[in-house]
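**Student:** All the letters of the sequence shown, read from the start, carry residue numbers 962 to 1098 under my numbering. Beta carbons are placed, not taken as given, at the ideal position from N, Cα and C, and that holds for glycine. Take this structure first; my questions come after.
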Amino acid sequence: RSSRLAFQWAATLGHKVEPGVPSLFTFTCSDPVLQGLAGVSVQDAEVSLPFKVRGRKKTLRERGPVLVTHSGVSGPAVLRLSAFGAREMHEVKYSAKMTVNWLPDIDRGEAGATEQLESMKKVFAAKQIGGSSGATP
962 RSSRLAFQWA ATLGHKVEPG VPSLFTFTCS DPVLQGLAGV SVQDAEVSLP FKVRGRKKTL
1022 RERGPVLVTH SGVSGPAVLR LSAFGAREMH EVKYSAKMTV NWLPDIDRGE AGATEQLESM
1082 KKVFAAKQIG GSSGATP
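Following this line, the structure appears as structure tokens:
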């Protein structure tokens, strides 16, 4: 009730009140390259989403930490992208072709990035994390 009154008050002062849309969410993705990588994080990746909204092409980009999850990707770069692109994503019904550049400072293209991820997958596949409450056997 109080937020409705606040919106009415803002409107009477001449402000345009936009309806809210979801924001701050992770991206669902079923790319087979990500299978088996849940929990892997990259400290500096670039996530981009191209859109066509109201007949205009637009690409949103964010750079920063990205975390691979069981259902896609998350992390600060993804959350910022979902926040700043919330309205555009809502207009396209949350469906877009996401691109992640895992090595934005290295100009090796998609093949090089895929090779690097596959290499990391092999190296870290058996790695386990022990607790800090005592010695690990």
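Quick one, are the C-beta atoms of alanine 1038 and serine 984 less than 8 Å apart?
**Tutor:** no
**Student:** Go ahead and pull the three-state DSSP assignment for proline 983.
**Tutor:** coil
**Student:** Using the beta-carbon count (16 or more within 10 Å), is phenylalanine 1085 buried or exposed?
**Tutor:** exposed
**Student:** Say whether the region 1006–1022 touches the region 1048–1065, bearing in mind that this needs 3 or more beta-carbon pairs closer than 8 Å, one atom from each stretch.
**Tutor:** yes
**Student:** Contact check, valine 1003 vs valine 1027 under 8 Å by CB: the rounded distance?
**Tutor:** The C-beta distance from valine 1003 to valine 1027 rounds to 5 Å, short enough to fall under 8 Å.
**Student:** How would you call leucine 974, buried or exposed, if buried means at least 16 neighbouring beta carbons within 10 angstroms?
**Tutor:** exposed
**Student:** To the nearest angstrom, how far is it from the Cα of proline 1098 to the Cα of alanine 1087?
**Tutor:** Confidence at proline 1098 is low in this model, with a pLDDT of 49, below 50, so its placement is unreliable and the value that follows should be read with caution. Approximately 16 Å, taken between the alpha carbons.
**Student:** Tell me the DSSP secondary structure of serine 1002 in three-state form.
**Tutor:** strand
**Student:** To which residues of the same chain is glycine 1033 closer than 7 Å at the C-beta, ignoring the five residues directly before and after it?
**Tutor:** Thr987, Phe988, Thr989, Cys990
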